[in-house]
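Note sheet for the following structure.
Protein chains: 4
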Amino acid sequence: MNEPVVPTPTLSWRRRLFRQLEPEAWPAEGLSRLNRFICVLILVTAFAAILETESSIRIGRESWFLAIEWVAGSLFVIEYLARVWVAVEDPRFRHPILGRLRYVLTFPALVDLLAILPLFLGLVGMEALFMRLIRVLRILRLARLGRFSVALRALGQAVRARQFELYVSFGLALLVLLFSSMMLYLLEGGLQPEAFGSIPRAMWWSVATLTTVGYGDVYPLTGIGRFFAALTALSGIGIIAMPTGIMAAAFSEAMQKNPRR
Amino acid sequence: MNEPVVPTPTLSWRRRLFRQLEPEAWPAEGLSRLNRFICVLILVTAFAAILETESSIRIGRESWFLAIEWVAGSLFVIEYLARVWVAVEDPRFRHPILGRLRYVLTFPALVDLLAILPLFLGLVGMEALFMRLIRVLRILRLARLGRFSVALRALGQAVRARQFELYVSFGLALLVLLFSSMMLYLLEGGLQPEAFGSIPRAMWWSVATLTTVGYGDVYPLTGIGRFFAALTALSGIGIIAMPTGIMAAAFSEAMQKNPRR
Amino acid sequence: MNEPVVPTPTLSWRRRLFRQLEPEAWPAEGLSRLNRFICVLILVTAFAAILETESSIRIGRESWFLAIEWVAGSLFVIEYLARVWVAVEDPRFRHPILGRLRYVLTFPALVDLLAILPLFLGLVGMEALFMRLIRVLRILRLARLGRFSVALRALGQAVRARQFELYVSFGLALLVLLFSSMMLYLLEGGLQPEAFGSIPRAMWWSVATLTTVGYGDVYPLTGIGRFFAALTALSGIGIIAMPTGIMAAAFSEAMQKNPRR
Amino acid sequence: MNEPVVPTPTLSWRRRLFRQLEPEAWPAEGLSRLNRFICVLILVTAFAAILETESSIRIGRESWFLAIEWVAGSLFVIEYLARVWVAVEDPRFRHPILGRLRYVLTFPALVDLLAILPLFLGLVGMEALFMRLIRVLRILRLARLGRFSVALRALGQAVRARQFELYVSFGLALLVLLFSSMMLYLLEGGLQPEAFGSIPRAMWWSVATLTTVGYGDVYPLTGIGRFFAALTALSGIGIIAMPTGIMAAAFSEAMQKNPRR
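Top to bottom, those sequences are chains A, S, U and P. Under numbering that gives the first Met the number 0, think of the first position of the first sequence as 0, with each following residue one higher. Under numbering that gives the first Met the number 0, think of the first position of the second sequence as 0, with each following residue one higher. Under numbering that gives the first Met the number 0, think of the first position of the third sequence as 0, with each following residue one higher. Under numbering that gives the first Met the number 0, think of the first position of the fourth sequence as 0, with each following residue one higher.
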C-alpha cells in the first residue's frame, strides 16, 4: 500500500498529435479540439462545393471559392501527412515504413487521400465537375469521426440482425410493385403509351404511388385504371408500414445499446 | 457403447432429385443448389419478360429475348417433368400413376404448368401480350420456395388473427372516404364536373388525399372545398395510423415466431 | 338435484321478431338472419345511390335505380313499423303507447325514420340531390349493428382517454401550420398573390405540405421560400408522428379490450 | 379534536387578481375565469389578424377589424398593467419598484409587451404588415397558459433526452438528401437546368421526394434519373421511419409523465 507515485512520462509530440487526430485514442469524452476544427473545415468545404454548383452563386465569386478550396485543401494535405506520420503510434502499424504503408492502404486513409486529390488534379487540368463531386463527398469523412461512427455501426448491426424481415418485406413490396405496374400497363398502356406503355414505364408511376410521393406527372385516366390505382395507393400503406416498423425497432434498439458515458 | 455402425443406405437417384427439388425435403439449411439455380432462372426470365414490354429495349433484340425464353422454357419443362417423376417420393403421392395424377392437380403443380404454357402456346400462335404476362407471373413461383413461403404463411396467420381490427379500421376508412367524397361532390361538383361531378369521381380525389399520395390532377378550388379537403388530409393521418399500427404489429409478431435455425 | 324440467315457454311472434331485429337481444353470436339481410339491403341501396350520382351510369338506367329504391324503401318502411311494434318488448319501452312514442324519439329510431323519408319526399316533389344524399347516409345505420358498434365505442373511449395528448399534438400542429403559413405569406405573397397572398390562402399550401399530400397546385418559387417549405415538409414528419403514435396506441388498446367470444 | 377554527384571512384585491392572472398561483384545477377570458381574447384577435390578411375578407370590413383590435388591444394593455401591478405578490419580485422592473424584463412579460405594441405603433404610422404579424404571433402567448405549457416542457425534456438519436437520424437523412441531390444533379442537370442545374436546386426536389410530399413541379425525365429517384423515394421510407419512431416514443413518454390531477 506504500507504492511510489509513478511519474506520468511526458508524452512525445507524435503521441500527443496521435491522440488529437485519432478519435479512439482521445482519452476524454467527445472529439479533440483538432478533430472539431477538421469537422468544421470539412463542413465548410463541402458546403462551399455544394453552393459552387449553383452558377448564380458561383459567377463573380470564383476567387472566394478558390481561396476556400486552396486554404482548406492545404490543411487537409497537412492533416493527411500528419496522420501518416503519427500512424506508427497505433499498435497495428508499428513499423516505421511498412506500418505507415499499411496505414496508407486502409480504407479511411484512402478516403482521406481521395479528399485531397482535387487539389492536385486541379493543377493538371482535371474536369471541374468531377473534382467538385469529390469535394462534396468529403463530407463522408465526418462519418468516421466520434460517436456518429459508433452509432452507424450499431445501426448496421441492428439492421443486419433483422435482415430476413427486411428481405421479406422488400420481397412483398416488389411483388406489389410488379403486380400494380402490370395491371396499369394492361389497363392504361394503350391510352397513355408514354406513361404506361411498358412495365418498366408503369413502375415509375407505381413507385411514386406506393411510396405516396405522388408527383402527379403520370396517373391513370380510365375508371378501371383509377380503381386499381386506388388499390395500389391503399396497399402502399401496408407496404410502408412493415419496413417502417422494422427499421424503427432496429434503430431504437441500436440506440439503446449505444454507449453514452 | 459397442453399437454396430448402421451403414447409411445409398439413396436412389429419384430420392436425391426429390430432395433437391422439394425445399421441405432438403436436409440442410437454405435452398438446395438446384433450387437456387431455378430461382435465378425464374428471376432472369421474369426480368427479361418485363424488359421485353418496353419497345425501345425489345426492338432489335428480339432474338435475345427469344433465346432466353427458349432456353429457360425448356429447362422449366424438364423441371416440371422431373417434379412429376419424383412426386411419388412424397408419402402423399405414393401410387405411381394415381399419386402423380393427384400431384399434377395440386395448386403448386398447376402454377408450374401455367409457367411452361407460354412455350407451347407460342407454337400455336397465341397472342404475345398474354404470354408475356404469364412469363412475368412466373415470379410468383418464387413465393413457394424456402423461407419466404414460411414467412408469408406466418404473416398470413398474424393478419388473420387481427382480421377484426383490420375490418374495423377499413370500415372507418371507408366511412371517411365516403363522407369526404360526398362533401366534395356537393361543394365542388358544380364547378368541376369532370373531377367532382359524382361521388365515384370524387372518390378518386379522396383516395389520393387520404393516402397522402396527392397526384394533384384534381383538387378543390373554392375556399369551403379546400377547408373540407384540409380536414380530409388531416383525418388521413389517423386513417393511415390505424392499419399501419396493426400491420406493423402483426408483421413483427409473425417474424418473431419465424423459425430461424 | 331432482328439479322438474321447466318447459321453455313458446315465444310470442312479437318476441321472436324483437330478437331478430334487436342485435343486443339476439341470443347467438353474430347477427340474426334478418339483420344480415337488412345490412345487405342498406349496402345495396347506398351503393346504388352512390352510382346514381354518376350521370354516365344513371342515364338510361333510371328505372333500375327507381326499382331498387322502391323495393328497398318499402322494406325499410316495413322494418321501421316492425321495430315500432316490437319496441315494447324492450323493458325501457313497456307502455303500449307511451313506450312506443319514447322509442320513436330515440336517436337510432330517428335515424331509421330519416332513412325512409326519401321515399315519401319523392312523392311530394322534393329535390333529387338532397334525397340522394340521405340515401347514401343510410350506410350510417350499419354503424349501430353488431360488433362494429362495440368496436367504435371502445375506440371512442380509448381516444377520449388520450384526449389531452391529442389536444397537445394538434395544438403543436396548428402552431407549425400557422407559422409556416405566415412565413410563406411573407416570402411568396408578393410573387404569387393567388396562392400565398394571405395567411388563409397560404394555409392551403401548408396543410398539403405538412400532411405530405403535396398536390403541387401551389408551391414556393423563390430560394428562401423553398428553404422554409423544406423545413415545413421536414417538420411535417414530426407533426404526423405524434398523433399517429397516439392513435395507433389508442386503437390497439381499444381492440385488445374488445369482447371476442 | 377541539381546534379553534382559524379564520381564513380575507385576501387583498391585489392577491386575488394575482391568483386570477398567474396560472401557477391558481389554487383550483384548470385555468381561472379571467385567464380563460384572456385566452378567448387572444384567439379572437389572432384569428381576426389572420383573416385580415385576406383582402377579399378585409375590404369593406376594415372598421370591424379596427374595432376588434382596439377593444382587444385596450384590454391587453389593462391586463399588462395589472400583471405589473400584481407582480410583487410573486416571491421573486417582492420589491415594489425593482421587483416590478425585474418582472418587466422577464421573457413572458416581454412577450406581453410585444403583444400590445401594435396598438401604439399604429398611432405613429407603423407599417400595417409588420403589425399584423405581431398580432398573429400573439397566439404564442397561449403557449405559457395552463397545462399546455407543462406538456410542452415535458415534451422538450423527452426530446432532449433523445437528442443524440435525433442527431444521428437527421445526420443520416442529410447524407441521403445530399447523395440523392448530387446524383440527380449529375443525371438530370444537363437536361433540366432549371430544376437540377445545381445541387441546391436538386435539393428542393430531393426534400419533396424524401418527405413523400411530391409536389410534382420537378421530377426526373430520363430512365436512369427515374431509377435513382425511385431509390430515393424508397429510402425516404426508412429516413422517415427513424425520427418518427423516436419522436413518437419521446412524445408518449412525455405524456405519461405529465401530471394529470
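Ideal placement from N, C-alpha and C gives every residue a C-beta, glycine not left out.
Beta-carbon gap between residue i and residue j smaller than 8 Å
i	j	result
residue 131 of chain P	residue 51 of chain P	yes
residue 143 of chain A	residue 85 of chain A	no
residue 232 of chain U	residue 206 of chain P	yes
residue 70 of chain S	residue 115 of chain S	no
residue 135 of chain P	residue 182 of chain U	no
residue 244 of chain P	residue 226 of chain A	no
residue 208 of chain S	residue 212 of chain U	yes
residue 44 of chain P	residue 67 of chain P	yes
residue 117 of chain P	residue 133 of chain P	yes
residue 204 of chain P	residue 229 of chain U	no
residue 78 of chain S	residue 41 of chain S	no
residue 215 of chain S	residue 214 of chain U	yes
residue 254 of chain A	residue 164 of chain P	yes
residue 33 of chain S	residue 20 of chain S	yes
Residue-level contact to chain A via CB, residue i, 8 Å cutoff
i	result
residue 110 of chain S	no
residue 147 of chain S	yes
residue 233 of chain P	yes
residue 27 of chain S	no
residue 71 of chain S	no
Residues of its chain near residue i, where Cβ-Cβ distance is below 6 Å and the 5 sequence neighbours each way are ignored
i	result
residue 168 of chain P	241, 242
residue 187 of chain A	195, 219, 224
Cutoff 8 Å: residue i Cβ touching any chain P Cβ
i	result
residue 211 of chain S	yes
residue 175 of chain U	no
residue 181 of chain A	no
residue 229 of chain U	yes
Closer than 8 Å to chain U by CB, residue i
i	result
residue 215 of chain A	yes
residue 44 of chain P	no
residue 164 of chain S	yes
residue 184 of chain S	yes
residue 132 of chain P	yes
Contact list for residue i against chain S, beta-carbon separation under 7 Å
i	result
residue 246 of chain U	237, 240, 241
residue 261 of chain U	Absent from the model: residue 261 of chain U. The displayed extent of chain U is 0 to 260, so no value can be given.
residue 218 of chain A	214, 216
Residue i: contacting residues in chain A (beta-carbon distance under 8 Å)
i	result
residue 262 of chain S	What is shown of chain S runs 0 to 260, which leaves residue 262 of chain S out entirely.
Cβ of residue i within 8 Å of any chain S Cβ
i	result
residue 250 of chain A	no
residue 135 of chain U	yes
residue 225 of chain A	yes
residue 258 of chain P	Unreliable positioning characterises residue 258 of chain P in this predicted model, as indicated by a pLDDT of 49, which lies under 50. A coordinate reading is not provided.
Listed by chain order, chain P residues near residue i by CB distance under 7 Å
i	result
residue 272 of chain A	No statement about residue 272 of chain A is possible, as the shown extent of chain A runs from 0 to 260 and does not include it.
Per-residue contacts from residue i into chain A (C-beta, under 7 Å)
i	result
residue 138 of chain S	177
residue 150 of chain S	167
Interface residues of chain S facing residue i [CB-CB closer than 8 Å]
i	result
residue 53 of chain U	196, 197, 198, 199, 200
residue 159 of chain A	In chain order: nothing, as chain S lies at least about 13 Å away.
Where residue i meets chain U, residues with beta-carbon distance less than 8 Å
i	result
residue 208 of chain S	212
Beta-carbon contacts of residue i that lie in its chain and below 7 Å, excluding the five residues immediately before and after
i	result
residue 17 of chain S	24, 85, 88
residue 175 of chain A	209, 234, 238
residue 49 of chain A	135
Minimum Cβ-Cβ distance from residue i to chain D less than 8 Å
i	result
residue 254 of chain P	As a matter of chain content, chain D is missing from the structure shown, whose protein chains are A, S, U and P.
Cβ-based neighbour list, residue i, same chain, cut-off 8 Å, excluding 5 preceding and 5 following
i	result
residue 198 of chain U	177, 180, 181, 184
residue 248 of chain U	161
residue 111 of chain S	75, 78, 79, 82, 140
Neighbour list for residue i in chain U, Cβ cutoff strictly below 7 Å
i	result
residue 170 of chain S	147
Practice problem: Could I get the ranges of all uninterrupted alpha helix (DSSP H) runs contained in the region 161 to 242 of chain U, with 4 residues as the minimum, in chain order? | Solution: If we require 4 residues or more, the alpha helix (DSSP H) runs fully inside the region 161 to 242 of chain U come out as 162 to 187, 192 to 195, 198 to 209.
Quiz prompt | 4 or more residues per run - each alpha helix (DSSP H) lying fully within the region 80 to 139 of chain U | solution = Inside the region 80 to 139 of chain U, DSSP marks whole alpha helix (DSSP H) runs of 4 or more residues at positions 97 to 103, 106 to 122, 127 to 136, from first to last along the chain.
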